[in-house]
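Here's the structure, in structure tokens; my notes come after.
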Amino acid sequence: MDITIRTFFQLLRMGTFGEEIAMPPLSAWKWKKIFNWGVQHQVSALLYDGLCQCRDQFFVQLPEGLMEHWALSAQKTEELNAKENEALEQLMNALNQRQLRPILLTGQAMASLYNSPSHYEPDGINVFFPFHTQGHKADLWAEEHGTDPNYSEKHAFSYQYANIKVVNHHRMNQLTNKLNNHSLQQIIEREFLESQTNLIDLCNQRMETLPPNLFLLHLLLDMALSIINEGVTVKQLTDIGVFLRKWGDRVDYIKLQEWIERLNLGSMAQLTALLLTHLLGFTDDEIPFVTESNKIKTTT
20 MDITIRTFFQ
30 LLRMGTFGEE
40 IAMPPLSAWK
50 WKKIFNWGVQ
60 HQVSALLYDG
70 LCQCRDQFFV
80 QLPEGLMEHW
90 ALSAQKTEEL
100 NAKENEALEQ
110 LMNALNQRQL
120 RPILLTGQAM
130 ASLYNSPSHY
140 EPDGINVFFP
150 FHTQGHKADL
160 WAEEHGTDPN
170 YSEKHAFSYQ
180 YANIKVVNHH
190 RMNQLTNKLN
200 NHSLQQIIER
210 EFLESQTNLI
220 DLCNQRMETL
230 PPNLFLLHLL
240 LDMALSIINE
250 GVTVKQLTDI
260 GVFLRKWGDR
270 VDYIKLQEWI
280 ERLNLGSMAQ
290 LTALLLTHLL
300 GFTDDEIPFV
310 TESNKIKTTT
């Protein structure tokens with residue numbers, strides 16, 4: 020692996036998981052390249068956390084002004100997170116008061132699992148409504164209290180609320196293969212009926228997010244669809260890694276493996292496992308959703 024790429028992922032592991040890794044000597048051009056990659060993949064502030072951890076190492080010699088520029092980039096992420104959290108608190112209060120059962124999809128729910136939640140790159144608020152009637156009422160409320168309504172995306176309604184993009188999702192995920200998609204919607208519906216409500220402390224209140232089994236499935240499906248469509252991002256891979264190390268013990272992997280086989284996601288699960296192993300330093304024991312039996316052809 021190229022030394023610049025390797026150092027990029029070593030910094031990410033230090034900033035995200037708190038690992039201690041000796042940094043190699045790098046040229047000014049390579050340090051700037053790492054910073055630019057961090058911005059491109061929405062992990063710049065997490066790389067900054069890793070850089071702060073190793074900044075006293077002998078070989079960590081950044082070009083003039085880059086450390087300050089990196090710090091300003093991390094501060095901007097903190098400010099964006101603060102604005103999004105403020106909007107999220109107001110939004111969830113309003114939706115809960117109307118008993119619409121908003122379920123927070125990843126986003127700030129995912130950020131809460133990181134060691135530095137304020138350094139998780141925000142990308143808007145995504146809310147899932149598992150029941151049609153409540154989702155329809157939420158859309159009507161959003162049309163009245165939000166701005167820039169947009170119904171162009173299938174099974175979703177996006178709008179601006181307190182200058183933050185919000186998306187109301189009426190499907191947790193949507194697969195292009197009709198048979199697989201039908202199976203997925205059955206899995207989601209049944210899991211919500213059988214699992215306990217999963218609440219997290221966020222923005223001065225208790226918010227509902229996906230049950231752990233569905234949370235990890237959602238991350239894996241997003242990863243698979245990105246690989247097929249536009250290419251996976253480092254942020255997506257890191258999300259899965261953080262979830263496994265923070266909430267991995269809450270997942271029923273026998274059930275998850277059955278879902279992976281039923282949805283023909285074996286090959287994508289295996290590819291995700293390989294990336295976690297080679298880029299983020301995971302061991303096979305930390306990736307229990309991959310077995311020999313689910314290494315099958317993917318047809319999403």
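Everything in the sequence shown is counted per the numbering used here, starting at 20 for the first residue and increasing by one. Idealized CB from N, CA, C, for every residue including glycine. Please read these numbers as outputs of a predicted model, since none were measured by experiment.
Bounding residues of the alpha helix (DSSP H) (the contiguous stretch that carries M111)
L85 to Q116
Compute the distance between the beta-carbons of T96 and E140, then report whether it is under 8 Å.
yes
Please report how far the alpha carbon of L284 lies from the alpha carbon of E249, in whole angstroms.
The alpha-carbon atoms of L284 and E249 are separated by roughly 18 Å.
Who does R226 pair with in a DSSP beta bridge?
The amino acid at residue 226 is misidentified as Arg; the sequence shows Met. According to DSSP, which records beta bridges pairwise, M226 is partnered with I219.
Do V146 and P182 come within 8 Å of each other at the CB atom, strictly closer than that value?
What sits at residue 182 in the sequence shown is Asn, not Pro. No, they are not a contact pair.
From the DSSP output, in three-state form, read off Y170 for me.
Correct three-state label for Y170: coil.
State the CB to CB distance for the pair Y67 and A93, rounded to an integer number of angstroms; the pair is presumed to be in contact (CB under 8 Å).
4 Å
Residues sharing a beta bridge with V186, DSSP
Looking at the DSSP assignment, V186 forms a beta bridge with N145 and S177.
Could you check if F28 is buried or exposed, using at least 16 other CB atoms within 10 Å of its CB as the buried criterion?
With 16 or more Cβ atoms within 10 Å of its Cβ, F28 is classed as buried.
Between the CA atoms of P230 and Q215 - distance to the nearest angstrom:
The alpha-carbon atoms of Q215 and P230 are separated by roughly 7 Å.
Relative to the alpha-carbon of F211, which residue among Y170, I122, Q59 and T26 has its alpha-carbon at the smallest distance?
Checking every option, the nearest Cα to that of F211 belongs to I122.
Exposed or buried, Y170, counting other C-beta atoms within 10 Å across all chains shown (16 or more means buried)?
exposed
Go to S286, then tell me how far its alpha helix (DSSP H) extends in each direction, as first and last residue.
Annotation: the continuous alpha helix (DSSP H) that includes S286 extends over G285 to L299.
So what does I247 bridge to, in DSSP terms?
Beta-bridge pairing links I247 to no other residue.
Quick one, are the C-beta atoms of Y180 and P168 less than 8 Å apart?
no
Helix or strand or just coil, what does DSSP make of I122?
strand
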